[in-house]
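**Q** Shown below is the structure under consideration.
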Amino acid sequence: MRYLLIVTLLWAFSFSLIGEYLAGRVDSYFAVLTRIVIAGLLFVPLTRWRGHAPSFVRGMLLIGALQFGVTYVCLYLSFSVLTVPEVLLFTILTPLHVTLIEDALNRRFNPWALVAAVVAVLGAGIIRYDGISSGFMLGFVLLQIANFTFAAGQVLYKHLLRQHPSTEPQYKRFGFFYLGALLVALPAFLLLGNGERLPATALQWSVLGWLGVVASGLGLYWWNKGASLVDGGTLAVMNNALVPAGLLVNLLIWNHDANLLRLALGGAVIVASLPLVRLGRTRQVQGRAV
Numbered sequence: 032m033r034y035l036l037i038v039t040l041l042w043a044f045s046f047s048l049i050g051e052y053l054a055g056r057v058d059s060y061f062a063v064l065t066r067i068v069i070a071g072l073l074f075v076p077l078t079r080w081r082g083h084a085p086s087f088v089r090g091m092l093l094i095g096a097l098q099f100g101v102t103y104v105c106l107y108l109s110f111s112v113l114t115v116p117e118v119l120l121f122t123i124l125t126p127l128h129v130t131l132i133e134d135a136l137n138r139r140f141n142p143w144a145l146v147a148a149v150v151a152v153l154g155a156g157i158i159r160y161d162g163i164s165s166g167f168m169l170g171f172v173l174l175q176i177a178n179f180t181f182a183a184g185q186v187l188y189k190h191l192l193r194q195h196p197s198t199e200p201q202y203k204r205f206g207f208f209y210l211g212a213l214l215v216a217l218p219a220f221l222l223l224g225n226g227e228r229l230p231a232t233a234l235q236w237s238v239l240g241w242l243g244v245v246a247s248g249l250g251l252y253w254w255n256k257g258a259s260l261v262d263g264g265t266l267a268v269m270n271n272a273l274v275p276a277g278l279l280v281n282l283l284i285w286n287h288d289a290n291l292l293r294l295a296l297g298g299a300v301i302v303a304s305l306p307l308v309r310l311g312r313t314r315q316v317q318g319r320a321v
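Numbering-wise (the numbering used here), the sequence shown opens with residue 32 and increments by one.
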């Protein structure tokens, strides 16, 4: 639990740093690639690269590609069309994706999760009821892809550790995670990146450095380690603890002109969608008991 709490505090600042200093200024693909390279370099000397089951290596590469590569590419792209508070609020839906993925792995169907998704979309519409555009909807979709891949990484990591138990510390096997992320971010930058929008100031490089070392290097490792040590309910709560923490940081330090009423109403509707997922899960359990 302490790992998740520490990372929540670290990531509370990360969203605002991206939105205020990098979004629209530094190429998104380059920013993600830089974070992956910096974070990966922390684990290169710590990782034991030989002696692992091929299925474990493939699993870690997949998790890194999803949870860091795809997630962060979509996250950074969303900042070009959404505000920081909107990005934070739309990440509330991560537990919904966790539920859908776990149900799929266990061959269950939860129709209430689909109802919850519709309610969440209505909440997003309230936030921008007078300014819904194709760009806004694109940002919402990008964040749902990011939510899905981030959730998939957490779920798959827990399953992978159960299938491949080890007495050695997790950090000695975590280098494969960043290698998997690199397999997504490097081709994305080479194919879609804009080489003319590289960091131009010491501040931008400093932000990327902090995000690479602290938020992505230590943060993603501690988050996954913490996720592997807690139950699903605790993990869902901690996924959402980031939202109020990040909003508080952004609204107090940077975004003083935000429409608080609209954010509060839309956010409340999005939050209200989450109990519907638990309702569906409860009914599934009761149905099996009967």
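A virtual CB, placed ideally from N, CA and C, is assigned to each residue, including glycine.
This one's a predicted model, so the numbers in the text were calculated from it and none came from an experiment.
Look at the Cβ atom of residue 34, then the Cβ atom of residue 256, and state whether they are nearer than 8 Å.
**A** Yes, the Cβ-Cβ distance between residue 34 and residue 256 is below 8 Å.
**Q** As a quick exercise: from 128, 248, 261 and 201, pick the residue whose alpha carbon is nearest that of residue 45.
**A** Per the Cα distances, 248.
**Q** Scan the segment 158 to 200 and note each continuous alpha helix (DSSP H) run of 4 residues or more that stays entirely inside, going in chain order.
**A** As far as the segment 158 to 200 is concerned, its whole alpha helix (DSSP H) runs of at least 4 residues are 165 to 194.
**Q** If you reduce the DSSP assignment to three classes, tell me which class residue 259 lands in.
**A** Coil, per DSSP.
**Q** Among 295, 273 and 278, which has the Cα closest to the Cα of residue 36?
**A** Selected option, being the one with the closest Cα: 273.
**Q** Can you tell me the Cα-Cα spacing of residue 74 and residue 136, whole angstroms?
**A** Each residue's Cα considered, the two are about 30 Å apart.
**Q** Could you tell me whether the Cβ atoms of residue 174 and residue 118 are closer together than 8 Å?
**A** Contact flag set, yes.
**Q** Using 8 Å as the threshold, is the C-beta distance between residue 230 and residue 115 below it?
**A** No, Cβ-Cβ distance for residue 230 and residue 115 is not below 8 Å.
**Q** Mind checking residue 185: buried by the 16 CB within 10 Å criterion, or exposed?
**A** Buried, by the Cβ-count rule.
**Q** Where do the ends of the alpha helix (DSSP H) carrying residue 211 lie?
**A** Per DSSP, residue 211 belongs to the alpha helix (DSSP H) from 206 to 223.
**Q** If you draw a straight line from the alpha carbon of residue 180 to that of residue 232, how long is it in whole angstroms?
**A** Cα-Cα distance, rounded: 32 Å.
**Q** Determine the burial state of residue 222: buried for a count of at least 16 other Cβ atoms within 10 Å of its Cβ, exposed for fewer.
**A** The residue in question, residue 222, is exposed, as its Cβ has fewer than 16 Cβ neighbours within 10 Å.
**Q** Quick one: residues in its chain with C-beta nearer than 7 Å to the C-beta of residue 220, no 5 flanking neighbours on either side, listed in chain order?
**A** Cβ neighbours of residue 220 beyond the five flanking positions: 60, 61 and 64.
**Q** On the three-state DSSP scale, how would you describe residue 55?
**A** The answer is coil: DSSP assigns residue 55 none of H, G, I, E or B.
**Q** By DSSP, does residue 231 sit in helix, in strand, or in coil?
**A** Reduced to three states, the DSSP call for residue 231 is coil.
**Q** Can you give the Cα-Cα distance for residue 224 and residue 79, rounded to whole angstroms?
**A** Answer to the nearest angstrom: the Cα atoms are 32 Å apart.
**Q** Which term fits residue 96, buried or exposed, when burial requires 16 or more other beta carbons within 10 angstroms of its beta carbon?
**A** Buried.
**Q** With residue 42 as the anchor, note down where its alpha helix (DSSP H) starts and where it stops.
**A** Start and end: 33 to 48.
**Q** Just how far apart, CA to CA, sit residue 125 and residue 216?
**A** Cα-Cα distance, rounded: 22 Å.
**Q** If you draw a straight line from the C-alpha of residue 48 to the C-alpha of residue 299, how long is it?
**A** So the two alpha carbons sit approximately 25 Å from each other.
**Q** Report yes if the CB atom of residue 38 is closer than 8 Å to the CB atom of residue 254, and no otherwise.
**A** Their beta carbons are under 8 Å apart, which means residue 38 touches residue 254 by this criterion.
**Q** Could you spell out the range, first to last residue, of the alpha helix (DSSP H) harbouring residue 127?
**A** Per DSSP, residue 127 belongs to the alpha helix (DSSP H) from 125 to 136.
**Q** If you draw a straight line from the alpha carbon of residue 206 to that of residue 83, how long is it in whole angstroms?
**A** Going from the Cα of residue 206 to the Cα of residue 83 covers about 12 Å.
**Q** Here's the rule I'm using: 16 or more other beta-carbon atoms within 10 Å means buried, otherwise exposed. How should residue 108 be labelled?
**A** The residue in question, residue 108, is buried, as its Cβ has 16 or more Cβ neighbours within 10 Å.
**Q** Please identify the residue among 183, 101 and 234 whose C-alpha is closest to the C-alpha of residue 218.
**A** With distances taken between Cα atoms, residue 218 lies closest to 101.
**Q** Is it the case that the Cβ atoms of residue 93 and residue 192 are separated by a distance below 8 Å?
**A** In this structure, residue 192 does not lie closer than 8 Å to residue 93 by Cβ.
**Q** How far does the alpha helix (DSSP H) with residue 87 in it extend, from its first residue to its last?
**A** Start and end: 85 to 95.
**Q** How would you write the range of the alpha helix (DSSP H) that residue 121 sits in, first residue to last?
**A** Segment 115 to 121, the alpha helix (DSSP H) holding residue 121.
**Q** What are the boundary residues of the alpha helix (DSSP H) that includes residue 103?
**A** 102 to 109 is the extent of the alpha helix (DSSP H) around residue 103.
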